[in-house]
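Asker: Below is the structure I would like to discuss, written out as structure tokens.
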Amino acid sequence: MVQGWTGWNCGQDVNECQMTPKEGRNNATCHNTEGGYTCSCLSGWSGDNCTSDVDECDKHVGKNNATCTNTVGGYKCRCTKGWRGRTCEEDIDEFFSHNPCLNHVHCRNIDGARLDGLELWPGCKRMSNDSESVSK
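Structure follows, in structure tokens:
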């Protein structure tokens, strides 16, 4: 018998997608072809039978100095302070829930900046009497 074919004179195609265990692992979609098969892999998998884990961290998926950890079939990012989201692409607006700038100090969000207990946080500008801005 020639692989992928059966029957008299090996003239009948074998549907590998109906075999047990099925070809195409990790929830891949199997497509029968004459004399063989192909697999369509889900994200995170590669190879003929979708059994090779893709290291997404090699593609630098983490943004803003995030630490990427490859997992089976995926990845996880550990965000630096001031960032969030699956790939640490979303800035945290520290002023959304409260205003840390007191005593006539104007606050504005700065991408990636964070509240850290400083007397004058980098997102704050102290306003003088003559409306001149001085930032620390």
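Numbering (full-length UniProt numbering), first residue to last: 1 to 136. Where is the CB? At the ideal position from N, CA and C, for every residue including glycine. Here the structure is a predicted model, which means the values were calculated and not measured.
Keeping to the same chain, check which residues put their C-beta closer than 8 angstroms to that of Cys57; ignore five residues upstream and five downstream.
Answerer: The residues are Cys68, Thr69, Asn70, Tyr75.
Asker: Given that a residue counts as buried once 16 or more other Cβ atoms are within 10 Å of its Cβ, and exposed if not, what is Gly82?
Answerer: Counting Cβ neighbours within 10 Å, Gly82 comes out buried, since at least 16 surround it.
Asker: Rounded to a whole number of angstroms, what is the C-alpha to C-alpha distance between Gly85 and Asn49?
Answerer: One C-alpha to the other measures close to 31 angstroms.
Asker: Kindly list the residues whose CB is nearer than 7 angstroms to the CB of Asn32, restricted to its own chain and excluding five residues on each side of it in sequence; keep chain order.
Answerer: Cβ within range, chain order: Asn15, Glu16, Cys17.
Asker: Measuring only the C-alpha atoms, how far is Val54 from Asp111?
Answerer: Distance between the alpha carbons of Val54 and Asp111 is about 31 angstroms.
Asker: Go through the stretch 67 to 94 residue by residue and report every complete run of the beta strand (DSSP E) that reaches 3 residues or more, in order.
Answerer: Listed in chain order, the complete beta strand (DSSP E) runs (minimum 3 residues) inside the stretch 67 to 94 are 67 to 71, 74 to 78.
Asker: Taking 8 angstroms as the threshold (C-beta atoms), are Ser46 and Ser40 in contact?
Answerer: No.
Asker: Write down the C-beta distance between Thr80 and Val61 rounded to the nearest angstrom, noting that I regard them as a contact closer than 8 angstroms.
Answerer: Not a contact, Cβ separation roughly 15 angstroms.
Asker: Which residue's Cα is closest to the Cα of residue 137: Gly11, Asp91, Ser43?
Answerer: As displayed, the chain neither begins before 1 nor continues past 136, which places residue 137 out of reach and without an answer.
Asker: Which one or two residues does DSSP pair with Gly11 in a beta bridge?
Answerer: Its beta-bridge partners do not exist; DSSP assigns none.
Asker: With DSSP collapsed to three states, give me the class of Asp111.
Answerer: Correct three-state label for Asp111: coil.
Asker: Taking a contact to mean a Cβ-Cβ separation below 8 angstroms, would you say Lys63 touches Glu34 in this structure?
Answerer: Going by C-beta atoms, Lys63 is not nearer than 8 angstroms to Glu34.
Asker: For Gly30 and Met19, I'd like the C-alpha separation in whole angstroms.
Answerer: This sequence places Cys at residue 30; Gly is not what is there. Roughly 11 angstroms separates the two Cα atoms.
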